[in-house]
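Residue numbers (this note's numbering), protein chains in the order written: chain P, 2 to 749; chain W, 182 to 299. First the structure, in the form of structure tokens, and then the observations on it.
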């Protein structure tokens, strides 16, 4: 998406360079491109480092004209981030230096005014003294405050105005008035011959300080993204025949074999070809349990290899990896704006000119109705109004909280796509859940084995699984998977038959086996009476009973069901505690749905719902005034997810390519849903605090600065106090947003 | 005194006229395919960009202002936001979907511009 037009050093990856003689050809081709100072190829890594001020595309074209393919190595996210941090650090130091310069002059002048209390022009020596102080203030304004005046002038020319305009006008007014007093004191009545140089210097110092602290605090708001970027490994160990070499991760290409040892991070996405291990994927999915990986399983960049050594084939590199896409999504969402901030944005647009008008009107009011020396009061009130107003606090209120909130959600494995989803999630009243794959694991498993007499359950399972190994029925998968989970090794089956709607038969280890429903047993003259009671009980619990016979004798009944995810019940409890109504939709029959609903204490459910009808149920709930969040797998449920106020897609693993959902839950657990809703509520609460705070600050601060309290209590704010208030009001907003970093989802 | 009041009210009127009654002067028309927008000194230059429906154009942003609020540009209504590293060109190719005025701004609405699509 972004590209660098010209930099001093660029690295190209070359494809198709098979021999050392290519090196000269490629270097020569590149050296002929205008602007290239030097091109040096590293044959071992198939990369060329080019120095010079030249567009990347020209380099790629030149290499391709020479008969090779070239790809620019993009600056990695971590490099970009490090550069940004460095730039912020430099900016911070410059602001602190400005602050020091301004306060070095401002503080002594203010102390003089407070201790000696005399800042009026009455004698010639004082005039000379204050003239020198005025020139020093001008020097401070030029050195430490220049950026305010430049920006103010620039924006003014463009019929625009910002915070710098206010600072420039405020400090400029104070300085100009004071200088006129020094140069032509006779123009003013004796009491009005007061100078305010200290205000100009102090305000410049304080606002620089406020900005510096804000830069620091802002840095912390992107901590979540920094952590994600930090997951990226720097190098990868490439396997080439018998050799293994470490190369920079940017140089890894699709199809390369990569070895990862225990304790190392996965450098790029890929598929295991050799070895097995368990991986900690919690940094991406929020799922704390390690995940087992065997050949043909997918590995994701940034996850941690815990136990074994694996060799995998790179399948996605650079910005195509799941991690890079997650970072991209989070970054984009962090800059999104929920509509709650729209009013503040509209106000911000009119804010500064309005404040300028209020300042003029306030000065006029003092001149007309104020006590003597009214000129001095007018100048003080106008300056104070200009300085105290803080459009920044208003403008920052929403984006800072969104930044932290979206990052916080990402830490919990929740990807929020846009600002609206964040805002609406906080207001949901009803959650509609799809049963299969959302509440349950989505894959049938054997949940119980009931043998006739004391036959070993594992032996029964081993034989049954051996029989089913060749079948493709979902129930057969359940039997085979359960045997594999138990670590049983299967035998071969011969004379295998599948009887549609009944079950299967075959010969294993010389025994004739039958596995299926009651009808299959009846047709093969197998008596099922001994286990009929168990079978009926199972059916009542919405489990499927499957009979198993060896050589014409019934030996066991298996209970097969799609089991609930282990944490579904706890997650639903959390959602209920959060005040949400739970509704279940399922395509299953009513008996199964009722049994599951009973187990989970779900009072409202709809069974035998076609996937295409799900969105109608959502619509119905919306018509009843509910704000509906729909949770589904993102494929079958796409229309319902789109119809819901917020669509949550459950992505198993790190499948984030689900465009139909507003929110993607990267782990299978419904705790992710509760996390998403709790984070969104906390974020919206934080935004409201910020907005209310910023509104109150401005609405209360400006009249006080204009002097409305003066007739009642004789209080008129000093411009220096206004400067401090303004500098710290935006800092307060950023700090309050940063409080969200410590947000913890409710107990699991 | 009345002269002072008159001047003051005139100043108020002048402020309203200057900031609200006038449009930013510098505009760019995307006859060429690319527009380079400088982010410096509190303004986008140019700040008004004209584009045609369905005709792709490339926006090149160069941020020269160190202030952190300049580091993101958000296009309202286009579902687009760009991070702007200091002193680097960030290119974004867009195809305006339909006619209208799409404001773009920094996070705090201090930097402001418009993409006018006809």
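No residue lacks a Cβ here, since even glycine has one placed at the ideal position from N, Cα and C.
Chain-order list of chain W residues neighbouring residue 358 (chain P): 193, 196, 197, by C-beta distance under 8 angstroms. The stretch 218–234 of chain W makes no contact with the stretch 294–301 of chain P; the number of CB pairs closer than 8 angstroms stays below 3. Using a Cβ-Cβ cut-off of 8 angstroms, residue 685 (chain P) does not count as an interface residue toward chain W, since no Cβ of chain W sits closer than that to its own. If you draw a 10 Å sphere on the C-beta of residue 460 (chain P), you find fewer than 16 other C-beta atoms in it, and that means exposed.
In terms of CA proximity to residue 432 (chain P), P:632 leads the group P:530, P:696, P:632. In the DSSP assignment, residue 584 (chain P) is bridged to P:433, P:605. For residue 293 (chain W), DSSP records a beta bridge to W:286. In this structure, residue 251 (chain W) keeps its C-beta atom at 8 angstroms or more from the C-beta atom of residue 358 (chain P).
Between the stretch 89–100 of chain P and the stretch 204–215 of chain P there are three or more C-beta pairs closer than 8 angstroms, enough to call the two in contact. Within chain W, no C-beta atom comes less than 8 angstroms from the C-beta of residue 739 (chain P); the nearest is roughly 14 angstroms away.
Secondary structure remark: continuous alpha helix (DSSP H) runs of at least 4 residues inside the stretch 205–232 of chain P, in chain order: 224–231. Counting C-beta pairs with one atom in each stretch, the stretch 556–563 of chain P and the stretch 446–453 of chain P have three or more that are closer than 8 angstroms, which means they touch. Note that the stretch 383–401 of chain P touches the stretch 733–743 of chain P; at least 3 beta-carbon pairs, one per stretch, sit closer than 8 angstroms.
Residue 256 (chain W) has W:261, W:285 as its beta-bridge partners, per DSSP.
With a minimum length of 4 residues, the unbroken runs of alpha helix (DSSP H) contained wholly in the stretch 241–291 of chain P fall at 283–286. Ranking P:744, P:126, P:504, P:353 by CA distance to the CA of residue 687 (chain P) puts P:744 first.
Note on geometry: alpha-carbon atoms of residue 664 (chain P) and residue 435 (chain P) lie some 16 angstroms from one another.
Excluding five sequence positions before and after residue 708 (chain P), the CB atoms of its chain that fall closer than 6 angstroms to its own CB belong to 382, 717, given in chain order. Chain-order list of chain P residues neighbouring residue 267 (chain W): 88, by C-beta distance under 7 angstroms. Using a Cβ-Cβ cut-off of 8 angstroms, residue 200 (chain W) counts as an interface residue toward chain P, since at least one Cβ of chain P sits closer than that to its own. For residue 263 (chain P), same chain residues with a beta-carbon under 8 angstroms away, outside a window of 5 residues either side, are 278, 306, 307, 308, 309, 310 in chain order. Cβ contact annotation for residue 343 (chain P) (same chain, cutoff 6 angstroms, sequence separation greater than five): none. Our two residues, residue 216 (chain W) and residue 110 (chain P), have alpha carbons roughly 49 angstroms apart in a direct line.
Per the Cβ contact rule, the stretch 243–254 of chain P is not in contact with the stretch 183–203 of chain W (fewer than 3 Cβ pairs under 8 angstroms). If you check each beta-carbon in the stretch 156–187 of chain P against every beta-carbon of chain W, the ones closer than 9 angstroms belong to 156, 157, 158, 159, 160, 161, 162, 163, 164, 165, 166. Taking CB atoms only, residue 253 (chain W) has a neighbour in chain P less than 8 angstroms away. Within the stretch 223–235 of chain W, the residues whose Cβ lies closer than 7 angstroms to any Cβ of chain P are, in chain order, 223, 224, 228.
Note on geometry: alpha-carbon atoms of residue 161 (chain P) and residue 169 (chain P) lie some 14 angstroms from one another.
Three or more Cβ pairs closer than 8 angstroms define a contact, and the stretch 408–417 of chain P meets that threshold against the stretch 320–340 of chain P. Distance from the CA atom of residue 238 (chain P) to the CA atom of residue 260 (chain P), rounded to whole angstroms, is 6 angstroms.
Straight-line measurement puts the Cα of residue 60 (chain P) at about 17 angstroms from the Cα of residue 44 (chain P). Residue 724 (chain P) and residue 117 (chain P) have their C-alpha atoms some 23 angstroms from each other. In the DSSP assignment, no residue is bridged to residue 234 (chain W). For the pair residue 576 (chain P) and residue 675 (chain P), the Cα-to-Cα distance works out to about 6 angstroms. Look at residue 17 (chain P) here: in three-state DSSP terms it is coil, with no helix or strand label. Residue burial annotation: residue 615 (chain P) is buried, with at least 16 other C-beta atoms found within 10 angstroms of its C-beta.
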